[in-house]
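Enquirer:
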Amino acid sequence: MSNELKPAKVKKPFYKKWWVWVLAVIIIGSIATGGGEEEVTAPESTTEPVEAPVETETVAEPVEAEIVETEPAKEEPVVEPVKEESKEPELSLSQQNAIRQAESYLEYTAFSKSGLIEQLEYEGYPTEEATYAVNNISVDWKEQAAKQAQAYLDYSSFSRTGLIEQLEYEGFSTEEATYGVDQVGL
1 MSNELKPAKV KKPFYKKWWV WVLAVIIIGS IATGGGEEEV TAPESTTEPV
51 EAPVETETVA EPVEAEIVET EPAKEEPVVE PVKEESKEPE LSLSQQNAIR
101 QAESYLEYTA FSKSGLIEQL EYEGYPTEEA TYAVNNISVD WKEQAAKQAQ
151 AYLDYSSFSR TGLIEQLEYE GFSTEEATYG VDQVGL
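Residue numbers are given in the numbering used here: position 71 of the sequence shown equals residue 71, and the series is strictly consecutive.
(1) Taking Ala110 as the reference, give the member of Glu176, Leu23, Tyr132 with the closest Cα.
(2) Taking C-alpha atoms, which residue in Val22, Trp19, Glu90 lies nearest to Asn136?
(3) Indicate whether Leu186 and Leu163 have their beta-carbon atoms separated by less than 8 Å.
(4) Evaluate contact between the stretch 97-112 and the stretch 122-133, counting only Cβ atoms and requiring at least three cross-stretch pairs below 8 Å.
(5) Which word fits Glu128, buried or exposed, when buried means at least 16 other C-beta atoms lie within 10 angstroms of its C-beta?
(6) Distance check for Ile117 and Gly171, CA to CA, integer angstroms please.
(7) Just curious, the alpha helix (DSSP H) that Asp140 is in, first and last residue?
(8) Identify the continuous alpha helix (DSSP H) that holds Lys113 and give its terminal residues.
(9) If you run the structure through DSSP and keep just helix, strand and coil, what is Leu186?
(10) Just the C-alpha distance for Lys142 and Leu106, rounded to the nearest angstrom, thanks.
(11) State the DSSP-derived secondary structure class of Glu90, mapped to helix, strand or coil.
(12) Rounded to the nearest angstrom, what separates Ile27 and Trp19 at their Cα positions?
(13) Would you kindly work out how many angstroms separate the C-alpha atoms of Pro13 and Leu93, rounded to a whole number?
(14) Just to confirm my understanding: we take Ser104, look at its own chain, exclude 5 residues before and 5 after, and list those with CB closer than 6 Å. What are they?
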């Protein structure tokens with residue numbers, strides 16, 4: 001046995017192999033041609049009339065018909081039916097929060113409409129968002145006046161006129177304040 005070392009077989013880099021180049025040519029060719037078969041369709045009829053050759057017996061020479069080149073009919077864009085806009089516009093996060101805050105306040109105490117707007121403004125909501133929130137919640141303001149009237153009577157004594165005036169001062173209308181006082185029996 002001889003201790004001769006055989007030279008190691010050097011591998012070609014992958015990009016020098018023939019099959020890599022054939023594959024690259026196929027991929028590039030398919031990309032250049034659009035990657036697939038195109039469907040060939042006959043052009044639809046056009047609105048321009050094509051004149052047919054007119055044959056007459058007195059003309060010895062054949063009459064050539066005028067060839068009118070027409071472009072294929074353009075496809076009409078697909079028009080999706082217009083969805084009926086919802087009556088409620090999409091609310092911003094701040095508007096959603098203002099509505100939730102307004103509803104939360106009404107769960108534990110009574111407010112007049114203007115009093116609730118002022119409370120939301122005090123909490124840092126801009127006037128537009130506070131007003132939007134109060135206008136977009138379901139509230140019986142007369143019932144709120146009745147609850148507020150009862151709350152006043154729970155800790156203090158009032159005359160009928162005095163309680164109506166106090167409720168008006170809180171932002172209730174005269175009608176709401178009168179209703180509220182009537183409900184507590186004063």
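Where is the CB? At the ideal position from N, CA and C, for every residue including glycine.
Expert: Concretely, from the data shown:
(1) As a first step, residue 110 must be located in the sequence shown, where it is residue number 110. Minimum Cα distance to Ala110 is reached at Glu176.
(2) As a working note, residue 136 is residue 136 in the sequence shown. Ranking Val22, Trp19, Glu90 by Cα distance to Asn136 puts Glu90 first.
(3) By 1-based counting over the sequence shown, the position of residue 186 is 186. By 1-based counting over the sequence shown, the position of residue 163 is 163. Yes; because the gap between Cβ atoms is below 8 Å, this pair is in contact.
(4) yes
(5) Residue numbering aside, residue 128 sits at position 128 when the sequence shown is read from its first letter. Its Cβ having fewer than 16 others within 10 Å, Glu128 is exposed.
(6) The residue you call residue 171 lines up with position 171 of the sequence shown. The residue you call residue 117 lines up with position 117 of the sequence shown. So the two alpha carbons sit approximately 10 Å from each other.
(7) By one-based count along the sequence shown, residue 140 stands at place 140. That residue, Asp140, is in no alpha helix (DSSP H); it is neither H nor E in DSSP.
(8) Counted from its first residue, the sequence shown places residue 113 at position 113. Here the alpha helix (DSSP H) through Lys113 covers 113-122.
(9) The residue given as residue 186 occupies position 186 in the sequence shown. Three-state DSSP puts Leu186 in coil, outside helix and strand.
(10) On the sequence shown, residue 142 is found 142 positions in, with the first residue counted as 1. On the sequence shown, residue 106 is found 106 positions in, with the first residue counted as 1. Taking the straight line joining both Cα atoms gives about 13 Å.
(11) As a position in the sequence shown, residue 90 is number 90, starting the count at 1. Coil.
(12) Working through the sequence shown from its first residue, we reach residue 27 at position 27. Working through the sequence shown from its first residue, we reach residue 19 at position 19. Approximately 12 Å, taken between the alpha carbons.
(13) Along the sequence shown, read from residue 1 onward, the residue named residue 13 stands at position 13. Along the sequence shown, read from residue 1 onward, the residue named residue 93 stands at position 93. Each residue's Cα considered, the two are about 58 Å apart.
(14) Locating residue 104 in the sequence shown gives position 104, where the first residue counts as 1. Cβ within range, chain order: n/a, list empty.
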